[in-house]
Amino acid sequence: MSIDEFLNRSGCSWINADGPQSDIVLTSRIRLARNLKDHLYPILFSDEEAQAVLTKVEQVVANPSPGSPLQGMEMVRMSALEPLQKQVLVEKHLISPNLAEESPHGACLISENEEISIMINEEDHIRIQCITSGLQLEKALEKAFLVDDELEKHLDYAFHEVRGYLTSCPTNVGTGLRASVMMHLPGLVMTRQMNQILPSLNQLGITVRGIYGEGSEAIGNIFQISNQITLGKSEEDIVRDLTTIVEQIIEQERSAREQIKKTAGVQLEDRIFRSLGVLLHSRIIESKEAAQCISDVRLGIDLGFISEISPAILNELLILTQPGIIQQHAGKTLSPFERDVRRATLIRERIRM
Amino acid sequence: MICQECGIRKATVHFTKIINGEKTEYHLCEVCAQGKSDTFINTFHSPNLSLNNLLAGFFNVEPKYPEPFETRQMTRCANCGMTFEQFLEVGKFGCAHCYDAFHEKLTPVLKRIQGGNWKHNGKIPRRTGGALQLRKKIDILKETLQNLVAKEEFEKAAEVRDEIRMYEKILQEGGDADVH
Chain Y
0 MSIDEFLNRS GCSWINADGP QSDIVLTSRI RLARNLKDHL YPILFSDEEA
50 QAVLTKVEQV VANPSPGSPL QGMEMVRMSA LEPLQKQVLV EKHLISPNLA
100 EESPHGACLI SENEEISIMI NEEDHIRIQC ITSGLQLEKA LEKAFLVDDE
150 LEKHLDYAFH EVRGYLTSCP TNVGTGLRAS VMMHLPGLVM TRQMNQILPS
200 LNQLGITVRG IYGEGSEAIG NIFQISNQIT LGKSEEDIVR DLTTIVEQII
250 EQERSAREQI KKTAGVQLED RIFRSLGVLL HSRIIESKEA AQCISDVRLG
300 IDLGFISEIS PAILNELLIL TQPGIIQQHA GKTLSPFERD VRRATLIRER
350 IRM
Chain G
0 MICQECGIRK ATVHFTKIIN GEKTEYHLCE VCAQGKSDTF INTFHSPNLS
50 LNNLLAGFFN VEPKYPEPFE TRQMTRCANC GMTFEQFLEV GKFGCAHCYD
100 AFHEKLTPVL KRIQGGNWKH NGKIPRRTGG ALQLRKKIDI LKETLQNLVA
150 KEEFEKAAEV RDEIRMYEKI LQEGGDADVH
């Protein structure tokens with residue numbers, strides 16, 4: 000299968016990098032946590048009860064009303080998937096590592112364009128997720144609400160007048176909303192401003208993480224910025240506040256890029272083209288090195304040093320160079336060394352187009 | 000700013016510790032911050048740090064007057080059997096009823112986690128939350144009514160009063176009006 004075909008079939012709606020501010024913001028993501036009133040939460044429920052939750056959701060999804068966002072979605076149980084298939088879903092951010100690895104009664108529903116995914120029996124009974132390209136949290140929230148309203152027509156949610164949506168963990172209670180934005184911030188990293196920004200963001204109730212969720216370092220200058228507080232503010236306010244902060248970070252990133260271009264023009268150009276050289280010619284490449292080089296090349300495109308490569312390259316290669324997806328493309332399990340060889344080949348083919 | 004511990008490296012970790020209202024500020028470099036074992040900042044670098052441990056830290060505040068042992072034993076969710084102590088340990092609720100069972104103890108805990116907030120101010124389920132939406136609407140109208148009376152705009156006040164009565168009637172009948 001050609002890479003083009005593979006990428007098209009990979010379905011990610013955000014791969015084209017065509018959303019607003021998509022030179023810096025890769026994706027905007029909304030997650031809503033919901034639970035069913037009459038069932039114990041996943042931490043305590045029995046096999047039968049887990050099954051009952053799955054059946055309830057399955058019934059709603061099986062009979063969607065006309066025009067419902069649930070149309071065409073099918074429930075897939077985690078137990079029915081191979082480890083590699085689960086890994087691919089995690090790498091595409093469609094399900095959490097927790098659902099893939101630690102939820103024996105877990106299941107997921109994914110829309111055709113992979114914009115909407117619903118996780119069942121993860122930490123909460125239901126987690127609705129909507130991903131959009133670029134900075135458009137409001138649009139993502141709107142879509143997630145449509146799914147939420149549709150499910151709520153048929154399911155009795157655990158809801159409390161004072162506490163809001165009753166989640167399994169008290170860090171999610173109230174709105175159950177986690178809004179997060181994935182950003183490419185090479186300018187702030189290179190000018191060492193990221194370390195100064197982080198503490199002030201924390202004070203504003205904003206969490207910053209590396210690309211693959213909690214505890215991981217930022218690989219390839221990609222950061223995930225999300226709200227920490229879920230209670231006391233309306234969903235619209237949470238999204239608006241986060242958007243304002245992200246817009247400020249975008250401004251700072253832009254001026255950092257300008258600053259580097261001015262003060263370190265040749266060195267920056269050298270770094271960018273060396274990275275392009277590595278991507279164009281290497282035969283073995285580890286994911287970390289690939290991520291750094293891809294980040295440099297994308298910066299080179301944004302700053303006008305490189306013009307013959309599409310800006311979507313960052314998004315495409317970000318997906319394409321991950322271990323699970325490389326193996327899916329190969330159609331078999333590979334050793335780490337074989338993966339590094341395959342990764343180099345995939346990147347070479349893709350970047351020459 | 001220079002690290003207040005070693006006085007050599009640049010301070011990159013800043014935090015404020017407040018215990019019983021007494022505020023202490025710390026400005027440390029990463030090395031000293033890591034070495035400081037009497038504060039929670041040590042956990043910044045611990046790979047095994049779980050959210051649960053952090054949560055347990057949030058709850059771990061000695062009450063001024065320790066509760067008698069029997070009362071502590073009593074706080075148990077009748078639906079799923081989880082005790083408040085177990086909740087503190089795992090950092091997760093067993094079921095929706097736990098929120099009611101632990102209600103009194105929960106407000107300070109939520110305030111600590113949720114930046115001082117304890118009351119939901121967002122979406123309400125459309126189908127099951129109909130009565131709640133009505134009650135919220137009535138509350139807002141009552142406030143408007145008071146303002147109008149204070150301003151002696153009695154004609155408008157009468158209209159609002161009628162509207163309140165209408166919604167209260169729907170509420171009494173267990174109705175579900177579209178109040179958007």
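Chains Y and G supply the protein sequences, listed in that same order.
If you read the first sequence in numbering that gives the first Met the number 0, its first letter stands for residue 0, the second for the next number, and so on.
If you read the second sequence in numbering that gives the first Met the number 0, its first letter stands for residue 0, the second for the next number, and so on.
Think of the CB as a built atom: it goes at the ideal place given N, C-alpha and C, for glycine as much as any other residue.
Given residue i as reference, the closest of the options once Cα atoms are compared
i: Y:T54; options: Y:L316, Y:K138, Y:S116, Y:L35; result: Y:L35
i: Y:Q327; options: Y:C168, Y:G105, Y:E81; result: Y:E81
i: Y:G353; options: Y:I249, Y:G303, Y:S294, Y:Q291; result: The question about residue 353 of chain Y has no answer, for chain Y in this structure spans 0 to 352.
i: Y:G175; options: G:E84, G:E167, G:I123, G:L170; result: G:I123
i: Y:E137; options: Y:L267, Y:I249, Y:T242, Y:S67; result: Y:T242
i: Y:E337; options: Y:R297, Y:R282, Y:P310; result: Y:R282
i: Y:S179; options: Y:S132, Y:L279, Y:D37, Y:L165; result: Y:S132
i: G:M0; options: Y:V89, Y:I224, Y:D123, Y:Q195; result: Y:Q195
i: G:G128; options: Y:E160, Y:W13, Y:R191; result: Y:E160
i: Y:Q258; options: Y:N314, Y:Q192, Y:P335; result: Y:Q192
i: Y:Q58; options: Y:L43, Y:S67, Y:M74; result: Y:M74
Cβ-Cβ distance between residue i and residue j below 8 Å
i: Y:A143; j: Y:I127; result: yes
i: Y:I318; j: Y:K91; result: yes
i: G:L133; j: G:I163; result: no
i: Y:D147; j: Y:R33; result: yes
i: Y:A354; j: Y:I284; result: Residue coverage of chain Y in this structure runs from 0 to 352, which leaves residue 354 of chain Y outside it and unanswerable.
i: Y:P185; j: Y:N220; result: yes
i: Y:I109; j: Y:M77; result: no
i: Y:I117; j: Y:I130; result: no
i: G:N120; j: Y:S233; result: yes
i: Y:E252; j: Y:L187; result: yes
i: Y:N15; j: Y:A289; result: no
i: Y:L98; j: Y:G323; result: no
i: Y:L39; j: Y:E47; result: no
Under the three-state DSSP convention, the category residue i falls into
i: Y:I312; result: helix
i: Y:G323; result: helix
i: G:Y98; result: helix
i: Y:N226; result: strand
i: Y:A143; result: helix
i: Y:M189; result: helix
i: Y:G163; result: strand
i: Y:H328; result: helix
i: Y:R342; result: helix
i: G:A10; result: coil
i: Y:R356; result: The displayed coordinates of chain Y run from 0 to 352. Any statement about residue 356 of chain Y would go beyond what the structure contains.
i: Y:S215; result: Per-residue confidence for Y:S215 stands at a pLDDT of 46, beneath the threshold of 50, marking its modelled position as unreliable; the derived number appears in the next sentence. Three-state DSSP puts Y:S215 in coil, outside helix and strand.
i: G:I1; result: strand
i: Y:H153; result: helix
i: Y:V172; result: coil
i: Y:F44; result: coil
i: G:T127; result: coil
i: Y:S334; result: coil
i: G:E162; result: helix
CA-to-CA distance, residue j to residue i, given in whole angstroms
i: Y:M189; j: G:L131; result: 51 Å
i: G:R75; j: G:G115; result: 25 Å
i: G:M165; j: G:K155; result: 16 Å
i: Y:S27; j: G:F153; result: 49 Å
i: Y:R349; j: G:H96; result: 54 Å
i: Y:V277; j: Y:C292; result: 7 Å
i: Y:A255; j: Y:E113; result: 33 Å
i: Y:S45; j: G:D138; result: 41 Å
i: Y:L298; j: Y:E101; result: 37 Å
i: Y:L140; j: Y:L230; result: 16 Å
i: G:G90; j: Y:I237; result: 24 Å
i: G:I169; j: G:R160; result: 14 Å
i: Y:G173; j: Y:I29; result: 15 Å
i: Y:L203; j: Y:V340; result: 43 Å
i: Y:H280; j: Y:L316; result: 16 Å
i: Y:R177; j: Y:L31; result: 7 Å
i: Y:E151; j: G:R125; result: 8 Å
i: Y:T166; j: Y:D123; result: 6 Å
i: G:L27; j: Y:P65; result: 59 Å
i: G:F86; j: Y:L200; result: 29 Å
i: Y:P41; j: G:C79; result: 12 Å
i: Y:L134; j: G:E151; result: 48 Å
i: Y:I2; j: Y:T206; result: At Y:I2 the pLDDT is 45, less than 50, meaning the model places this residue with poor confidence; the figure from the coordinates comes in the next sentence. For Y:I2 and Y:T206, the distance between alpha carbons rounds to 35 Å.
i: G:W117; j: G:Y98; result: 12 Å
Distance cut-off 7 Å: residue i Cβ against heavy atoms of the ligand FAD
i: Y:Q247; result: Summarising the ligand content, the structure contains no ligands, and the ligand FAD is consequently not present.
Contacts that residue i makes with chain B (C-beta to C-beta distance below 8 Å)
i: Y:T174; result: No chain B appears in the structure shown, which is made up of the protein chains Y and G.
Review point. Which residue spans inside the segment 53-126 of chain Y form an unbroken alpha helix (DSSP H) run of at least 4?
Key: 82-90, 96-101
Practice item. Counting only runs of 3+ residues fully inside the segment 268-313 of chain Y, write out the beta strand (DSSP E) ranges in chain order. Key: none
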